[in-house]
Ligand SMILES: [Zn+2]
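Numbering (this note's numbering), first residue to last: 16 to 86.
See the structure below:
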């Protein structure tokens, strides 16, 4: 399950959020309930092999035709 990292646009608080879809709306800041922006996924960032198999560019487990409508 991917982990997305968000940063509050108001107070700058950063937090991680588990999500089961790549197109879930950004959650509110848990501290001040302000809008947040999505940062680079720590899940994807940890993949550093160059042999493919990461990301959602073709054969991912999320955007390949499930209940996801981000395509
Ligand atoms: Zn905040």
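Built from N, CA and C at the ideal position, the CB exists for glycine as well.
Taking C-beta atoms under 8 Å as the contact rule, residue 29 and residue 19 fail to qualify, at a distance of about 11 Å. Residues with their Cβ less than 5 Å from any non-hydrogen atom of ligand 1, running along the chain, are 23, 25, 26, 28, 44, 46, 47, 49. As the crow flies, the alpha-carbon of residue 48 is around 17 Å from that of residue 39. Exclusion of the five residues before and after residue 46 leaves 23, 26, 28 as the residues of its chain whose Cβ lies within less than 8 Å of its Cβ. Take the alpha-carbon of residue 44 and the one of residue 53: they are about 11 Å apart.
For residue 33, the enclosing beta strand (DSSP E) has its first and last residue at 29-33.
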